[in-house]
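Trainee:
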Amino acid sequence: MKHKSTLKRGKRFRRHTRKKSAYGGMPTRLSASALPFTPAAAPMPEPVVDPRVASAVAIDCEMVGVGPKDLKGRTKSALAHVAIVDFDGNKIYNEYVIPEEAITNYRTTHSGITKNILENNNSKAKPFKDVKAEVHAILNGKVIVGHGLINDFEVLDYEPSPTTEVWDTTLIDEYMKEPEYPGARRKAKKLKELAAEIGNNIQKNVKNANGNPLKNENGNPLKEGHSPVEDARASMNLYRMSHSPPFPKAEYGNMAKNMHPIRYIYPKGYYPHSS
47 MKHKSTLKRG KRFRRHTRKK SAYGGMPTRL SASALPFTPA AAPMPEPVVD
97 PRVASAVAID CEMVGVGPKD LKGRTKSALA HVAIVDFDGN KIYNEYVIPE
147 EAITNYRTTH SGITKNILEN NNSKAKPFKD VKAEVHAILN GKVIVGHGLI
197 NDFEVLDYEP SPTTEVWDTT LIDEYMKEPE YPGARRKAKK LKELAAEIGN
247 NIQKNVKNAN GNPLKNENGN PLKEGHSPVE DARASMNLYR MSHSPPFPKA
297 EYGNMAKNMH PIRYIYPKGY YPHSS
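In my numbering, each residue's number is its place in the sequence shown (first place is 1) plus 46.
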């Protein structure tokens, strides 16, 4: 006669013995073979069942410089282009923005923004206040995914509520660089690096007719302006991969103890507008 075990399985044990999702159990560490990805088609893995995970949206913003330069020659950032994609990578918002202050640096190399895009008569750029209201409405109640979201939230004048779940690749151990020396703080990788590890070539170098990279006056390769849609999709792919069993072990934040599988929450007081 068989006897049922009287041992109770703890939460940690249950977490790692769940039935595999439609992902098939992708690794927590990134690998090029884990997710085939072509920039043109941008395929996504099959959706997971958990509706909370699938409610996520990924956002990316491009900024221009406004106002006078500070003592270090820098200008204040203002929103000029914002894109949001859903869990499947579908574009649900993509708008150019007219800043409220005069633009003094278009930052075209990084932003892809030019004067013609925002100022010609045929431009469809929207006033900042309209975009702000529309984006806030989309983000509220969603799991928010991105890379360096603190910068996006600042130019959007958006402060997530205490219950908002935020998944930022710059704060997750699995996506950090190795410490430069024992005890050193780990630094976040660039989104371009993370995307390349899963075969997604974003923010590509500009090449000449012979296929050789063009360089700027400092000898650095010229790059295409960032595409917020492309970058948002790259962040969403990383999110989807990491939420396939087995799950990463790193956890922090009060909600991490009760909410599965969203665990990466900004610490209290992290936001610049928080009291």
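Just so you know, even glycine gets a beta-carbon here, dropped at the ideal spot from N, CA and C. In this text the structure is predicted, and so the values were computed from the model without any measurement.
At the level of alpha carbons, what is the spacing between LEU164 and ALA148?
Mentor: Sequence index remark: in the sequence shown, residue 164 carries index 118 (1-based). Sequence index remark: in the sequence shown, residue 148 carries index 102 (1-based). The alpha-carbon atoms of LEU164 and ALA148 are separated by roughly 12 Å.
Trainee: Quick check: the Cα distance between LYS175 and GLU226, rounded to an integer number of angstroms?
Mentor: If you number the sequence shown from 1, residue 175 lands on position 129. If you number the sequence shown from 1, residue 226 lands on position 180. C-alpha separation (whole angstroms): 43 Å.
Trainee: CA-CA distance, SER123 and LYS178?
Mentor: For the purposes of this step, residue 123 is taken as the residue at position 77 of the sequence shown. For the purposes of this step, residue 178 is taken as the residue at position 132 of the sequence shown. About 15 Å.
Trainee: My output table needs one value for ASN162: the three-state DSSP class, helix, strand or coil.
Mentor: To locate residue 162, count along the sequence shown from 1; it is residue 116. Note: ASN162 maps to helix in three-state DSSP.
Trainee: Give me, in chain order, the residues of the same chain whose beta-carbon lies closer than 8 Å to that of VAL181; leave out the 5 immediate sequence neighbours on both sides.
Mentor: Here residue 181 refers to the residue found at position 135 when the sequence shown is read from its first residue. Answer for VAL181: ILE105, VAL128, ILE130, TYR139, LEU202 and TYR204, listed in chain order.
Trainee: Kindly indicate which three-state DSSP category TYR142 falls into: helix, strand or coil?
Mentor: Locating residue 142 in the sequence shown gives position 96, where the first residue counts as 1. It is a strand residue.
Trainee: What are the partner residues of GLU108, as DSSP defines its beta bridges?
Mentor: Residue numbering aside, residue 108 sits at position 62 when the sequence shown is read from its first letter. Its beta-bridge partners are HIS127.
Trainee: Distance check for THR154 and VAL189, CA to CA, integer angstroms please.
Mentor: As a first step, residue 189 is located in the sequence shown; it is residue number 143 there, counting from the start. As a first step, residue 154 is located in the sequence shown; it is residue number 108 there, counting from the start. Taking the straight line joining both Cα atoms gives about 30 Å.
Trainee: Rounded to a whole number of angstroms, what is the C-alpha to C-alpha distance between ALA230 and THR215?
Mentor: One-based indexing of the sequence shown puts residue 230 at position 184. One-based indexing of the sequence shown puts residue 215 at position 169. Looking at the two C-alpha atoms, the distance is approximately 19 Å.
Trainee: Taking the alpha-carbon positions, what's the GLU224 to THR121 distance?
Mentor: Residue 224 sits at position 178 when you count from the first residue of the sequence shown. Residue 121 sits at position 75 when you count from the first residue of the sequence shown. Looking at the two C-alpha atoms, the distance is approximately 32 Å.
Trainee: Got a sec? Which residues, its chain only, sit under 7 Å from ASP132 by beta carbon, not counting five neighbours each side?
Mentor: Your numbering for residue 132 matches position 86 in the sequence shown. The residues are VAL103 and ILE138.
Trainee: Taking only three categories from DSSP, how would you classify ILE184?
Mentor: By one-based count along the sequence shown, residue 184 stands at place 138. In the structure shown, ILE184 sits in a helix (DSSP, three-state: H, G or I).
Trainee: Would you please state the rounded distance, in angstroms, between the beta carbons of SER288 and HIS193? I believe it to be under 8 Å.
Mentor: Reading the sequence shown from its first residue, position 242 is the one you call residue 288. Reading the sequence shown from its first residue, position 147 is the one you call residue 193. That belief does not hold up - the Cβ atoms of SER288 and HIS193 are roughly 13 Å apart, past 8 Å.
Trainee: Over what stretch of residues does the alpha helix (DSSP H) that includes ASP277 continue unbroken?
Mentor: For this step, residue 277 is matched to residue 231 along the sequence shown. Where ASP277 is concerned, the enclosing alpha helix (DSSP H) stretches over 274 to 288.
Trainee: Between which residues of its own chain and MET222 is the CB-CB distance below 8 Å, once the five residues before and five after are set aside?
Mentor: Position 176 of the sequence shown holds residue 222. So the qualifying residues of the chain are ARG232, LYS233, ALA234 and LYS235.
Trainee: Quick check: the Cα distance between GLU276 and SER207, rounded to an integer number of angstroms?
Mentor: Start at 1 with the first residue of the sequence shown, and residue 276 comes out as number 230. Start at 1 with the first residue of the sequence shown, and residue 207 comes out as number 161. The straight-line gap from Cα to Cα measures roughly 27 Å.
Trainee: Could you check which residue in VAL110, ASN151, VAL112 and PRO145 has the C-alpha nearest to that of PRO173?
Mentor: Position 127 of the sequence shown, counted from the start, is the residue given in the question as residue 173. If we check each option's Cα against that of PRO173, PRO145 comes out closest.
Trainee: Secondary structure at PRO114, three-state DSSP: helix, strand or coil?
Mentor: To locate residue 114, count along the sequence shown from 1; it is residue 68. PRO114: coil per DSSP, three-state reduction.
Trainee: Does DSSP classify ASN151 as helix, strand or coil?
Mentor: Here residue 151 is taken as the residue at index 105 of the sequence shown, counted from 1. Of the three classes helix, strand and coil, the one that applies to ASN151 here is strand, per DSSP.
Trainee: Can you name, in chain order, every residue of its own chain whose Cβ lies under 8 Å from the Cβ of LEU240, other than the five neighbours on each side?
Mentor: By one-based count along the sequence shown, residue 240 stands at place 194. Excluding sequence neighbours, LEU240 sits near LEU76, HIS193, THR215, TYR221, ALA280 and LEU284.
Trainee: Would LYS170 and TYR152 qualify as a contact pair, given that the criterion is a beta-carbon distance under 8 Å?
Mentor: As a position in the sequence shown, residue 170 is number 124, starting the count at 1. As a position in the sequence shown, residue 152 is number 106, starting the count at 1. Not closer than 8 Å, so no.
Trainee: Can you grab the Cα-Cα spacing for the pair VAL112 / THR160, in whole Å?
Mentor: For this step, residue 112 is matched to residue 66 along the sequence shown. For this step, residue 160 is matched to residue 114 along the sequence shown. Each residue's alpha carbon lies about 14 Å from the other.
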